[in-house]
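Quick note, the sequence shown lines up with residues 3 to 633 if you use my numbering. Report on the structure given below.
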Amino acid sequence: MHKVTMRHFIIATAGHVDHGKSALVKALTGTDPDRLPEEKKRQITIDLGFAALNVTTPNGDKIHAGIVDVPGHEDFVRNMIAGVGSIDLALFVVAADDGWMPQSEEHLQILNYLGVQRAVIALTKSDLGRIDVVTNQIREQLTDTPFANSPIVPTSVRTGTGIEKLVNTLISQLARTAPQRDVRKPRLFIDRVFTLRGIGTVVTGTLTGGSLRRGQQIVLYPTNFEIRIRSIQSHGHELEVVRPGMRTAINLPDLRVDQIKRGDVVTLSGLGTPTSTLIVLLKKAPRLNRDKSVAYPLRNGSSIYVHHGASRVAARIMFRENGSLEAGKEKIACLKLASPVFAFIGDRFVVRDSSERHTIAGGIVLDPEGDKESLRSGVALENVDSLVRATLARQGFAARESLLSKSQFSAGEISEALTNLDQSEEIVVCKHIAADCRFWRKLRAQAIGLIDAAHKETPERAGVELVELCSGLQIQEPELLESLVADLCEGDFIGKGSVIARTSHRPTLPVHVQPVEKRIREALTEQPFDPPSRKSIESTPQARQVVRFLVENGDVTELASDVVLLRESFERMKSKVVEFISKNGPATVSELRQALLSSRRIMVPLLERLDRDGVTRRLGDKRMLCRIRNL
Ligand SMILES: Nc1nc2c(ncn2[C@@H]2O[C@H](COP(=O)(O)OP(=O)(O)OP(=O)(O)O)[C@@H](O)[C@H]2O)c(=O)[nH]1
Ligand SMILES: [Mg+2]
């Protein structure tokens, strides 16, 4: 039996001013999308309007389509763009009496730049004639665009002609449309903010990339507020969960309306942060009116407006090699934004001129982190594997957790790609990081070189301190060092505390310093319980080298920075202290010093060490034994 499903889609209108978009939405849904008093007065759409269409497909599936009605007037293109991001289908309107007009063209280009793949064309006001002529004109205008084969349906809200056919055409298009992907990276680009009495602040937008649920903790960018969703609605219905492709209203009572604006983004923390430098692939449509300024090449350094999500941000364009972008061409560029946006790899955007009169280009975000290397080499967007490879080739390595978090791939897809690429030895995955093979080989070789050189130059040392390795390799990220050490230790290396060495390495003093060692041992043996200070023993660099060796090897015990003694002296002193206290009861430093023929300089740090080791305990100015020991 066929299981009935409910699918959600977003349709947005598009088309020249006064061509009947809002009237058509009302005829389709019963809702008048023009809600502002000024819109009613001027009989024009100024800002976005909303309605819903609930239909059943021939096989019984239910489709819920949120409709965003956009303004057609050239002064409000900015609002139009905010409404058509992340839509599934365009309801493109051309009036039979007017035919193809300037904003028909501009809206078509905007939809193309934003990557909208499907459209249904409504030839409105069909009661006013010229259907054949305008149909031909539309077909001609749509040649070589993604909408070249889109259905054209003549309609009239006056006579009711074509409305039912339009509904059926919309259904059959949506029935063939895949629902938006849920990659657990929800983003709600806010297109409206308002306050309701008794409820507080509400924001609305079209949800993409993942679900949101009631009570969930969200973050608002670019302001960085972290807050909880009090409640969620979609088209007036209270919901527990909203999914991608749904018009969404969320109640954020902890924020005031003036703390949020159109273009802000509701998302989850942990997916990265907004940025102000984007590397993009910029495209300029081929079919621009050659007499107009829109057709002029886009020059290096131009000031423009970038429309991304529901936001609009002033920006400057920088091309590679100071180039410019001509109509019909595409080029990699860097966009320096006046304020940060929360963009993902693969996001689409529209570019308008600085006077905001014309749409002049559009593009795809290649690298939201603005890495200069991406500007040079570009970014492969074909699939998750090539994106992982290219990202690692560019960056060298990345933390597995955060790699491509700002992309339209899910964490599961990214981690699967990492495993596959690691298995086919195209990248290296080790502990917390993933790395480019060449980068990893080079880093490993450098590390091995440093360790071997250290073994040779200072054979008396246990190995290389990890902090030295870190600075020698100029590593700033602790997880990179940890993964590198883990990798080395799977082979011929061993980590001992804060030191790494070859497994075969046995610390030895170089022959030429062995006389120095002999002298030091003698110095420490002469008065074993009251040896000379470290400073006086370490009068030369060689002597310092020897003392460090003896300490690292455990032949010499370091009691304080200036107090060292032979290990056997230390052990004997310990036994004598225990013996003395066992026999005579708790003793002062002075009593112990006299009993052991030592000095206060040695005795104080010695007893502190024994306290730390749990042998003795301080009681006033005396020492007692911690417990009876079997020594
Ligand atoms: N004769 C006729 N007039 C229509 C039809 N559809 C809309 N109109 C009229 O056209 C005018 C504009 O209609 P709207 O629906 O407001 O146009 P719009 O495209 O939404 O305009 P903007 O949102 O401002 O771009 C109104 O006066 C409508 O009554 C139609 O099918 N036939
Ligand atoms: Mg309208």
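Glycine included, each C-beta is placed from N, C-alpha and C at the ideal position. Since this is a predicted model, take the numbers as computed values, not measurements.
Is residue i near residue j, with beta carbons less than 9 Å apart?
| i | j | result |
| --- | --- | --- |
| I453 | V466 | yes |
| I173 | S152 | no |
| A503 | A455 | no |
| L284 | E242 | no |
| S106 | H239 | no |
| I306 | D355 | yes |
| P246 | P181 | yes |
| G101 | V57 | no |
| A251 | I234 | yes |
| E459 | F551 | no |
| V86 | A16 | yes |
| I154 | T137 | yes |
| A29 | G131 | no |
| E108 | T361 | yes |
| E166 | R359 | no |
| R625 | L594 | yes |
| I319 | V352 | no |
| A335 | R314 | no |
Residues in the same chain with beta-carbon distance under 7 Å from residue i, minus the five sequence neighbours each way, listed in chain order, please.
| i | result |
| --- | --- |
| G414 | none |
| P288 | A329, G330 |
| G22 | V95, A97, T126, K127, V159 |
| N555 | P509 |
| G348 | I366, V367, L383, S409, Q410 |
| R301 | S326 |
| D20 | G74 |
| V515 | Q544, Q547, V548 |
| P299 | S326, L327, E328 |
| F441 | G398, F399 |
| A589 | F582, I583, K624, R625 |
| K520 | none |
| G117 | R350 |
Report buried or exposed for residue i, applying the criterion of at least 16 other Cβ atoms within 10 angstroms of its Cβ.
| i | result |
| --- | --- |
| L633 | Interpretation of L633 is limited by its pLDDT of 46, a score under 50 that renders its predicted location unreliable; the figure taken from the coordinates is listed afterwards. That one is exposed. |
| M8 | exposed |
| E570 | exposed |
| R443 | exposed |
| E427 | exposed |
| G311 | buried |
| K42 | exposed |
| R199 | exposed |
| Q143 | buried |
| S304 | buried |
| P534 | exposed |
| S563 | exposed |
Excluding the five sequence neighbours on either side, which residues of its own chain have a C-beta within less than 8 Å of the C-beta of residue i, listed in chain order?
| i | result |
| --- | --- |
| I133 | A98, L125, P156 |
| E481 | A401, K433, H434, I435 |
| S592 | R602 |
| R631 | Any answer about R631 is weak, because its pLDDT of 49 lies below 50 and its placement is not dependable; what the coordinates show is given next. Cβ neighbours of R631 beyond the five flanking positions: V580, V617. |
| D387 | A419, N422, L423 |
| K263 | I192, V195 |
| P39 | none |
| I522 | I539, A545, V548, V549, L552 |
| V606 | V591 |
Since I believe residue j is in contact with residue i (beta carbons under 8 Å), could you give me their beta-carbon distance rounded to a whole number of angstroms?
| i | j | result |
| --- | --- | --- |
| L339 | S278 | 4 Å |
| V195 | V205 | 5 Å |
| F191 | G207 | 5 Å |
| G364 | R350 | 7 Å |
| K187 | G211 | 4 Å |
| V308 | L337 | 6 Å |
| V558 | I604 | Going by Cβ atoms, the distance from V558 to I604 rounds to 14 Å, so no, they are not a contact pair. |
| G51 | D36 | 6 Å |
| V221 | L270 | 7 Å |
Verify the contact flag: residue i, CB atom, against every heavy atom of ligand 4, threshold strictly below 8 Å.
| i | result |
| --- | --- |
| T31 | In the structure on display, ligand 4 does not appear, and the ligands it does have are ligand 1 and ligand 2. |
Identify, in the order they occur along the chain, each residue of the same chain with its Cβ nearer than 6 Å to the Cβ of residue i, setting aside the five sequence neighbours on each side.
| i | result |
| --- | --- |
| A395 | D438 |
| M248 | H10, L209, S236 |
| F149 | A121 |
| I13 | A67, I69, L91, L93 |
| F344 | Y223, V267, P276 |
| V296 | L290, H360, I362 |
| P530 | S571 |
What residues does ligand 2 have around it, judged by CB closer than 5 Å to any heavy atom, in chain order? Proximity to ligand 2 was defined by a C-beta distance below 5 Å to any of its heavy atoms, and the residues meeting it, in sequence along the chain, are K23, S24, T47.
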